[in-house]
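Here's the structure, in structure tokens; my notes come after.
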Amino acid sequence: MEKIVINGGAPLNGSITIGGMKNAALPVIFASILVEDKCVIENLPNVSDVTRSLEILEAMGAVVERRADGSVSIDTTIINQGSSPAEIVGKLRASTYLLGAELARFGKARVGWPGGCDFGIRPIDQHEKGFERLGATVSRDKGAICLDAGDAGLCGNSVYLDFASVGATINVMLAAAKAKGKTIIDNAAREPHIVAVASFLNACGAKIFGAGTSIIKIEGVEELHGCNYAIIPDMIEAGTYMVAAAAAGGSVEIKNVIPKHLETVTSKLREMGVDVDEYDDSVVVSRAPETKMEPVNIKTLPYPGFPTDMHPQFAAILTIVDGTSKVTEGVWDNRFRYTDQLRRMGANISIAGKTAIIDGVEKLHGTTTTSVDLRGGAAVVIAALAAEGKTEIGSIQTLKRGYDDLVGKLKAVGADIEIIITDDDE
Ligand code: EPU
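For any residue, its number in the working numbering is found by taking its place in the sequence shown, counting from 1, and adding 13.
Given below as structure tokens:
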């Protein structure tokens, strides 16, 4: 069993280069199913969710060639409908994108139930509503989700989303890209990865307008063609290292970022008294270890609000900030499982409804912990970097889902961190 071991207290200094955004790469990989041609996707992060997504495509008949430079060539000329392996589909949330992609390409889809981090209920009713508005029927068969657009095929329509869901917005864009006529998505999600998926599809010949706003218009086209496309930098990976630098102290340049995507993180860190300097494609986060930080309140919301995927990392740093801070989760039902791990390290956190109330303590103490989910694991890493003594973190496969070379990147800026192999059962 692999574990991460961190001896806390070392300040971080140097630079970290950010990779491609996981949550843009995953839908782009599945969107390539619509293309029926060869696409070259550059700047893919080397994370297990990407590897699994590519494995699903390969199992369905696509020719996938991963290159050493971080790009991948995907040829989807041949894809067998309904052939995605349920055991891999069930390990990641992004496999929901297979629904929209298969439906667009074949007029029907059959996909196993998706997996992903456990944040309480993760319904797909808004995805299903979108497919139905475009003329598909939705049914279940032996644990699989089945869609069928019948002889009439998919037809454009208006789709109002009750919640600005990232997944539902992308799935409706996929289904509508080759549907007959025009689709309008109202209350669409506005995250940068929505823009990335629309840009990829447009580069393949789709006609998608307004991505990045809450109204997206899609004029269906008959055919798409292959393209070369580079994935944008991962704002959550960048935000995680920004918070790590602030928590441990020191000065870290975070390279290859889009500073605009980091505005909410930057402004919260500044409110806490941390220095953040912005440049064209980098930010520098600095805090002298003796500088005190201020408590803050945070509420997560869909973009351009404060990202839910940065909630646990901020909760981690706030555990060592003198005073009371509150972190309110506005996207997921239950994203607080990681707080038990911070409590094991001495954090004083109580949960009231959807709010974590954090009373800062002077020091956290290293102990044995677990990474309960991707960002919850990142929170424990941040806490451990700032803690006194040694922290062991188990279940690190959750971290590998979304962080490319986390240990190597932190080691390079001075963290005392390594991966060890143990015989322990987890
Ligand atoms: N929701 C519904 N019905 C639906 C779809 C969503 O009620 O049909 C609700 C969800 O229960 C949740 C909210 O809407 O309360 C937001 O869900 P959304 O659909 O936006 O999330 P997602 O597409 O499943 C993606 C990311 C998550 C990120 C969320 C929010 C991927 C693969 N996952 O999930 O990323 O937290 O958007 O920004 O893109 C992560 O990277 O750590 C991660 C969890």
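Where a beta carbon is used, it is the ideal one built from N, C-alpha and C, also for glycine.
Item	Value
Start and end residues, beta strand (DSSP E) containing Leu160	Ala157 to Asp161
Close-in-space but distant-in-sequence residues of the same chain around Val270 (CB under 8 angstroms, 5 per side omitted)	Ile31, Pro246, Met248, Ala251, Asp294, Ser295 and Val296
Simplified DSSP assignment, three categories, for Lys230	strand
For Arg80, the nearest candidate out of Pro58, Leu214, Lys155 and Tyr416 (CA to CA)	Pro58
For Gly27, the residue or residues it bridges with in DSSP	Val265
Stretch pair the stretch 17-31 + the stretch 390-403: three plus CB contacts closer than 8 angstroms	yes
Trp126: CB within 7 angstroms of a non-hydrogen atom of the ligand EPU	no
Burial state of Thr337 (16 or more Cβ within 10 Å)	exposed
Spatially closest choice to Trp126 from Ser45, Glu145, Ser97 and Asn184, by CA coordinates	Ser97
Where Lys142 falls: helix, strand or coil (DSSP)	helix
Selected residue, minimal CA-CA separation from Ala114, among Gly133, Ile69, Gly156 and Glu100	Ile69
Inter-residue Cα distance where the pair is Gly163 and Ala391	45 angstroms
Coarse secondary structure for Phe213, derived from DSSP in three states	helix
Contact test: Asp372 Cβ vs the ligand EPU heavy atom, cutoff 7 angstroms	no
Near the ligand EPU: Ile249 beta-carbon under 7 angstroms from a heavy atom	yes
Paired residues, beta bridge with Phe349 - DSSP	According to DSSP, which records beta bridges pairwise, Phe349 is partnered with nothing at all.
Residues bridged to Phe222 [DSSP beta-bridge criterion]	Lys230
First through last residue of the alpha helix (DSSP H) which encompasses Thr304	Unbroken run through Thr304: none, as it is neither H nor E.
Simplified DSSP assignment, three categories, for Ser61	helix
CB of Ser28 within 8 angstroms of CB of Val53, strictly	no
Cα-Cα separation between Gln94 and Ile46, rounded to whole angstroms	10 angstroms
Neighbourhood of Gly156 by C-beta distance below 8 angstroms, restricted to the same chain and skipping five residues each side	Ala99, Gly125 and Trp126
Buried versus exposed, by CB contacts within 10 Å (16 or more), Val426	buried
Near the ligand EPU: Ala165 beta-carbon under 7 angstroms from a heavy atom	no
Backbone CA spacing between Arg350 and Glu235 [nearest angstrom]	46 angstroms
Lys273, buried or exposed, once every other Cβ within 10 Å from all chains shown has been counted against 16	exposed
Contact under 8 angstroms by Cβ, Lys51 with Gly239	yes
Closer than 7 angstroms: Arg153 CB and nearest the ligand EPU heavy atom	no
Alpha-carbon to alpha-carbon, Asp437 and Ile42	36 angstroms
Candidates Glu307, Glu276 and Val289: closest to Phe319 by CA position	Glu276
Residues near Ala258 in its chain [Cβ-Cβ closer than 6 angstroms; skip 5 each side]	Leu25, Val265 and Val298
Bridge-paired residues (DSSP) for Pro40	Beta-bridge pairing links Pro40 to no other residue.
beta-carbon Ser108 near the ligand EPU non-hydrogen atom, thresh 7 angstroms	no
Ser363 versus Gly373: straight-line alpha-carbon distance, rounded	12 angstroms
Beta-carbon contacts of Lys424 that lie in its chain and below 7 angstroms, excluding the five residues immediately before and after	Ile430
Opposing strand residues paired with Ser384 [DSSP bridges]	Answer by DSSP bridge pairing: none, since Ser384 is not bridged.
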